[in-house]
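Worksheet: one structure, shown below.
In my numbering, the protein residues as written are 6 to 136.
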């Protein structure tokens, strides 16, 4: 249940980021953001340096964005986003410029997750690590 709560918060935070960045969003981005934030929580359990966690987070988010884009934009034709005009894109669903933006957002999520977990559930979790 705690993971669900954190996923909802992460999804809401991502909707806010999209509203600030693009001026609009779609509810499915909240679901995707919540899933990604939850995965950042699992990354905090791994004993590797932050930069490797951030790289893993970037790759995870980019992969999930591709999967979501293929389902939502290509298969269901919802046209939520289209990166086909941007360089180095794959099917217009992911592109290198936006994939690079996931790096600082992954760092933020990996740092925020254990702090938010401790604050919400009043527990100090030494197994949730940034580094």
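Think of the CB as a built atom: it goes at the ideal place given N, C-alpha and C, for glycine as much as any other residue. Computed from a predicted model, the values in this text were never measured in an experiment.
| Asked | Found |
| --- | --- |
| C-beta contact flag for residue 13 and residue 39 at 7 Å | yes |
| Contact under 7 Å by Cβ, residue 104 with residue 67 | yes |
| Limits of the alpha helix (DSSP H) - the one that residue 74 falls within | 55–74 |
| Straight-line gap, residue 76 to residue 9 (C-alpha atoms, nearest Å) | 23 Å |
| Inter-residue spacing [alpha-carbon to alpha-carbon] between residue 55 and residue 18 | 21 Å |
| Range of the contiguous alpha helix (DSSP H) that encloses residue 8 | 7–27 |
| Buried/exposed call for residue 100, threshold 16 Cβ in 10 Å | buried |
| In DSSP terms, what residue 100 is bridged to | 94 |
| Beta-carbon proximity of residue 63 to residue 123, cut-off 7 Å | no |
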